[in-house]
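Read through the structure below, which is laid out as structure tokens, and then see the notes.
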Amino acid sequence: MLSLAQTSTQICLALILPGAGLTAVLLALYAYAAWYPVSGKHLDRVSFRLLVYALLANLIFGIVFLIVTLVPSPGWECGFYMFLSNASIYLTLPRLVLTFNLNGQRMEKYYIMGTALISSNPADEIPPLIYAGISTDPASRLRWFVGTQTFWLLFASFGEVVAFLITVGHLVAYERLAKDLRFRADAKSHETYSSSISRKLRIRDPVVRNIILRIGLYTLVSCLLSISTSTLDLHGLIHAAPTELNLKLGLADIALFSARALIYGLLAATDPSFLRAMRELHPGSKNSSNLDSSSQGAAPCFSTVMELPLTTVESERGKHDMLESLELGQTTKGSTGTPEHGGEEERAGLPVHTLDPAMHSPAIWDSVGVDDLER
Numbered sequence: 001m002l003s004l005a006q007t008s009t010q011i012c013l014a015l016i017l018p019g020a021g022l023t024a025v026l027l028a029l030y031a032y033a034a035w036y037p038v039s040g041k042h043l044d045r046v047s048f049r050l051l052v053y054a055l056l057a058n059l060i061f062g063i064v065f066l067i068v069t070l071v072p073s074p075g076w077e078c079g080f081y082m083f084l085s086n087a088s089i090y091l092t093l094p095r096l097v098l099t100f101n102l103n104g105q106r107m108e109k110y111y112i113m114g115t116a117l118i119s120s121n122p123a124d125e126i127p128p129l130i131y132a133g134i135s136t137d138p139a140s141r142l143r144w145f146v147g148t149q150t151f152w153l154l155f156a157s158f159g160e161v162v163a164f165l166i167t168v169g170h171l172v173a174y175e176r177l178a179k180d181l182r183f184r185a186d187a188k189s190h191e192t193y194s195s196s197i198s199r200k201l202r203i204r205d206p207v208v209r210n211i212i213l214r215i216g217l218y219t220l221v222s223c224l225l226s227i228s229t230s231t232l233d234l235h236g237l238i239h240a241a242p243t244e245l246n247l248k249l250g251l252a253d254i255a256l257f258s259a260r261a262l263i264y265g266l267l268a269a270t271d272p273s274f275l276r277a278m279r280e281l282h283p284g285s286k287n288s289s290n291l292d293s294s295s296q297g298a299a300p301c302f303s304t305v306m307e308l309p310l311t312t313v314e315s316e317r318g319k320h321d322m323l324e325s326l327e328l329g330q331t332t333k334g335s336t337g338t339p340e341h342g343g344e345e346e347r348a349g350l351p352v353h354t355l356d357p358a359m360h361s362p363a364i365w366d367s368v369g370v371d372d373l374e375r
């Protein structure tokens, strides 16, 4: 029968090695796809670059966790590995959210600075010798662990949940506005034209729900991993008796830590931007037709890329109503504003906070992608 140490080592090897290998292969494929302009245009997005940062951090985490598992390192080396492990976990937590009138480049800078600040928490560098000196006191040991890891993991997870809820609120507002436009378009006298608008809007409704699911998937996985591992760690510190239940929970904790890189790698392998880039490089793929059909609205794409259109419609004296100017297949570069808005406006990059249906009554949705907002 295997000992506890041997069992934990086998669990780590069975989960970390595939996770680190998958992550390394994905990063190589990302670099390969980004090298060619025809496919690199699909990867030139802030959210995709953040995904690359997370994969790099997970690769570092997998390597460090493997070293700690196989090669026990006392002294300062253990403290250094502990710092790298915690820092790499923090770097994978926050997700980009387009909101509050900040464009993608500004938010990318804040993301990097914020996560670097959290991951470089000086408390993570407490030498193991100090930890060993207070390990006999359960209360001091618990305070040390909460202050150096648990609090920061839960804090970052809470930020993820808040950011996700904000994004969901904007997407729900967009869907409600789309339904309102469809209802008003159906009421117009030109039945054929209105039914065409209604049909296009109806096709795009499921896309919003799929986007929410896709965004929520990353957040859900990250929060479950962070909260579950933090809870199991705290349980192990508070209930240190070597009972059968505590030993099983300890192995579960090790398994969750070891599976982090593998789970993130599986999610990253199905990233829609990456799949579109690979289809551009291999247009003869059997799935290449799905990309064309989804871009035309024939089928909802399970993607984080969403069409959030906005264009200002020209208000001419006594002619047509605003909705009669809808053309959902075009991307307008700008339009002549009414006296209310004054002059010409360029709508190349729109912050998502303008999704509020109560804002800009002459504004309608057309097709400007989130990709434009992120750049």
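Position 372 (the sequence shown) corresponds to 372 in UniProt numbering; numbering is contiguous. Beta carbons: idealized from backbone N, C-alpha and C, even for Gly. Given the structure is predicted, the values throughout are model-derived calculations rather than measurements.
Compare the Cα-Cα distances from residue i to each of the options and report the closest residue.
i: H282; options: A28, L117, Y36, L22; result: Y36
i: S222; options: W144, L142, F257, T7; result: F257
i: L70; options: Y218, Y110, A5; result: A5
i: F65; options: F164, L153, A31, G19; result: G19
i: L237; options: S157, G62, W144, L165; result: W144
i: L234; options: R45, I112, N58, F151; result: F151
i: Y111; options: S85, I63, G147, A54; result: A54
i: V146; options: V25, L232, E175; result: L232
i: L17; options: I67, Y30, L50; result: I67
i: L84; options: V162, K248, Q149; result: Q149
Taking its Cβ as the centre, do 16 or more other Cβ atoms sit within 10 Å of residue i, making it buried, or is it exposed?
i: L224; result: exposed
i: E280; result: buried
i: E160; result: buried
i: I89; result: buried
i: H170; result: buried
i: L245; result: exposed
i: S3; result: exposed
i: R347; result: A caution first: R347 carries a pLDDT of 34, below 50, which makes its placement in the model too unreliable to give a value.
i: D137; result: exposed
i: A268; result: buried
i: S8; result: buried
i: R276; result: buried
i: A241; result: exposed
i: E182; result: It is worth fixing the name first, because residue 182 is Arg in this sequence and not Glu. Per the 10 Å Cβ criterion, buried.
i: L50; result: buried
i: T167; result: buried
i: D180; result: exposed
i: A116; result: exposed
i: T243; result: exposed
i: A178; result: buried
i: T270; result: exposed
i: Y30; result: buried
Kindly indicate which three-state DSSP category residue i falls into: helix, strand or coil?
i: A268; result: helix
i: H235; result: helix
i: R45; result: coil
i: D137; result: coil
i: H170; result: helix
i: A34; result: helix
i: T243; result: coil
i: L15; result: helix
i: V71; result: coil
i: S85; result: helix
i: S8; result: helix
i: S258; result: helix
i: S3; result: coil
i: A20; result: helix
i: V352; result: Confidence in V352 is poor, its pLDDT being 36 and thus under 50, which makes the residue's placement unreliable; the coordinate value appears in the next sentence. V352 falls in the helix class under three-state DSSP.
Are the CB atoms of residue i and residue j nearer to each other than 7 Å?
i: A34; j: L43; result: yes
i: P15; j: A173; result: The question names Pro, yet the displayed sequence has Leu at residue 15. The answer is no: Cβ separation not under 7 Å.
i: residue 412; j: G265; result: The requested residue 412 is not part of the displayed model; the chain covers only 1 to 375.
i: E11; j: A252; result: Checking the sequence, you will find Ile at residue 11 rather than Glu. Not in contact: I11 and A252 (Cβ atoms no closer than 7 Å).
i: S273; j: F48; result: yes
i: S157; j: S226; result: yes
i: F155; j: T219; result: no
i: N58; j: A185; result: no
i: L153; j: S230; result: yes
i: V52; j: E108; result: no
With a threshold of 6 Å (Cβ to nearest heavy atom), would residue i be considered close to the ligand NAP?
i: A163; result: The model depicted lacks the ligand NAP and carries no ligand whatsoever.
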